[in-house]
Amino acid sequence: MNEKRTYLEIQVDAVMTGDQPYVLVFQRAKLKMQHPLELEIVKEADPCIKRDIDVSEDEVRMVIQPPSSFLPFAAVKKMSLLSRIRAALQLVSKVKHHSARRLILIVCPENLVFNRALEPFFLHVGVKESLPPDEWDDERLLREVKATVLALTEGEYRFDEYLKFHETLKCSPMAKELWQADHFDALLAFLEKWADEEEEKERSQVHISKKRWNAQRYIFFSAIGLLIPAIIYVLYSFFLAQPKQEAYIQGTEWFLQNKYSDVITALEDYAPEDMPYVIQYELAFSYVMTESLTEKQRETVLNNITLKTDEPYMLYWIYIGRGQNEEALELARTMEDRDLIVYALLKYREQMKGDTELSGAEKQRKLEDIDQEIEEYERERKETETSLEEERTRGEQLPASTPATNLSGETTPSSHESPAINHQESKK
1 MNEKRTYLEI QVDAVMTGDQ PYVLVFQRAK LKMQHPLELE IVKEADPCIK
51 RDIDVSEDEV RMVIQPPSSF LPFAAVKKMS LLSRIRAALQ LVSKVKHHSA
101 RRLILIVCPE NLVFNRALEP FFLHVGVKES LPPDEWDDER LLREVKATVL
151 ALTEGEYRFD EYLKFHETLK CSPMAKELWQ ADHFDALLAF LEKWADEEEE
201 KERSQVHISK KRWNAQRYIF FSAIGLLIPA IIYVLYSFFL AQPKQEAYIQ
251 GTEWFLQNKY SDVITALEDY APEDMPYVIQ YELAFSYVMT ESLTEKQRET
301 VLNNITLKTD EPYMLYWIYI GRGQNEEALE LARTMEDRDL IVYALLKYRE
351 QMKGDTELSG AEKQRKLEDI DQEIEEYERE RKETETSLEE ERTRGEQLPA
401 STPATNLSGE TTPSSHESPA INHQESKK
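End of the sequence shown sits at 428 in the UniProt record's numbering; the numbers just go up one at a time, nothing left out.
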């Protein structure tokens, strides 16, 4: 009971427990709420965050369940400085453009979670004249945002220290300049400039080091003929590597703004195999978002594309998006994933149908080979399902005291939607 209360708990006069799900408990007598229906608007604040509200005579209990893939503030704080600045930019932008005036924001580390694209989401929002915070206070909100941004990016002090003692803390010139921003536009401009500076530092990493350049100059004066390879390398860095790095940065900026078609356009001239892992992730994610999938299929695929996903899986979806269906098919075969193989076969078949360079007989032969392979995978799938159903039936017939087991020692795969599940329908 002597545990120190968080800023969020103090501001909304509630008790917060847990971290998946989070639970907020309010004393009903302290609320301005007249009827429980007033709180239903909270459920619409962020559709991706599930909120259940239980109202009793004494308490209002709110259970908040963000997706399991979301990251807490502490996890984002461990990322690179550029990633943290980008997360801060999205936070300031989201607060600035918040238009639902009946929903009142409170910004602090314990009230924030982030998705994989570093977009921030609020665990709790107040309802005007009903649920704390129940009144708008623009000055409070600006102070909270600045303290949160400093805790996330600079991180020399805690959020509450920045909030209460920013005038007396020994802060860096950067932190002092940030705190002087008196509106959100100024704060955004400051963070954008900071992000540009950090991006410039990253771009400089692809250049030749000063020590190496001096050595090459010495070689130049010693023997001009030996310098030719070095000159070629420098020209490559200037004319190819730097534009590529700029394209990577531009693609990331579009990705953070959910402009997936622009991400694809920015990176279309570069081989995915040579891309950094994070860029591969952003490009694969973008292609899936623009692929002709059902929402359930898209959700299934996106659940498998994270910053921990194996590189071949992301390359597969990049190949699919770029129409390199034969390469995608070969990659799916190396991964031995039946659903990915079938989906690549379907895409490859459509490509063959539109190929005007093939003769009619050759095209027909290739289409027949593809159809035959699809039918083989479909037959294997049905045989697997039949076998699993028979094992399940035998298990149900065992005495109640004997738990059903899989005699083969294999775990029954969970049912999940994949892009290739409905391939028979697509084949038609």
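Backbone N, C-alpha and C fix where the C-beta goes; we use that ideal spot for every residue, glycine too.
Identified DSSP bridge partners for residue i
i	result
residue 14	26
residue 126	104
residue 113	72, 121
residue 19	In the DSSP output, where bridge partners are listed per residue, residue 19 has none listed.
residue 50	65
residue 131	127
residue 59	27
Own chain partners of residue i with C-beta closer than 7 Å, once the 5 adjacent residues on each side are dropped
i	result
residue 119	90
residue 332	316, 340, 341, 344
residue 429	Residue 429 falls outside the range modelled here, since the chain spans only 1 to 428, and no answer is possible.
residue 147	159, 162, 163
residue 22	16, 64, 123
residue 468	Missing from the structure shown is residue 468; the chain here goes from 1 to 428 and no further.
8 Å CB neighbourhood of residue i in its chain, flanking five on each side removed
i	result
residue 290	260, 261, 264, 321
residue 19	72
residue 68	20
residue 135	104, 128, 129
residue 126	12, 103, 104, 105, 106, 132, 133, 134
residue 198	81, 82, 85
From the options, residue whose alpha carbon lies closest to that of residue i
i	options	result
residue 97	29, 154, 146, 185	185
residue 80	211, 372, 393, 153	153
residue 145	271, 367, 4, 107	107
residue 204	242, 156, 194	242
residue 163	134, 250, 62, 109	109
residue 288	269, 274, 388, 255	255
residue 62	38, 25, 37	25
residue 351	335, 338, 328	328
residue 346	22, 293, 155, 382	293
residue 99	199, 45, 391	45
residue 143	157, 180, 170	180
residue 335	379, 313, 395, 200	313
residue 285	251, 192, 363	251
residue 258	188, 117, 34	117
residue 187	382, 266, 88	88
residue 430	78, 101, 10, 7	No information on residue 430 is available, as it lies outside the stretch 1 to 428 that the chain covers here.
Distance between beta carbons of residue j and residue i, contact taken as under 8 Å
i	j	result
residue 82	residue 202	7 Å
residue 195	residue 85	5 Å
residue 130	residue 32	6 Å
residue 95	residue 141	7 Å
residue 430	residue 277	Coverage of the chain is limited to positions 1 through 428, which leaves residue 430 absent and any answer about it impossible.
residue 338	residue 298	Rounded, the Cβ-Cβ distance is 19 Å, inconsistent with contact.
residue 429	residue 270	What is shown of the chain runs 1 to 428, which leaves residue 429 out entirely.
residue 367	residue 349	6 Å
Own chain partners of residue i with C-beta closer than 6 Å, once the 5 adjacent residues on each side are dropped
i	result
residue 234	Note that residue 234 scores a pLDDT of 49, beneath 50, so its modelled location is shaky; the value from the coordinates is reported in the next line. Once the five neighbours on either side are set aside, residue 234 has no close Cβ partner at all.
residue 60	26, 28
residue 5	none
residue 166	179
residue 36	55
residue 66	49, 113
residue 193	none
The ligand SAH heavy atom lying under 7 Å from the CB of residue i
i	result
residue 371	In the structure shown, the ligand SAH is absent, as is every other ligand, since no ligand is present at all.
Between the segment 321-330 and the segment 297-311, are three or more C-beta pairs nearer than 8 Å?
no
Any contact between the segment 72-79 and the segment 110-124? By contact I mean 3 or more CB pairs, one from each, below 8 Å.
yes
Taking one C-beta from the segment 45-62 and one from the segment 173-188 each time, how about it: are there three or more such pairs within less than 8 Å?
no
Taking contact to mean 3 or more Cβ pairs, one atom from each stretch, closer than 8 Å, check whether the segment 120-129 and the segment 36-54 are in contact.
yes
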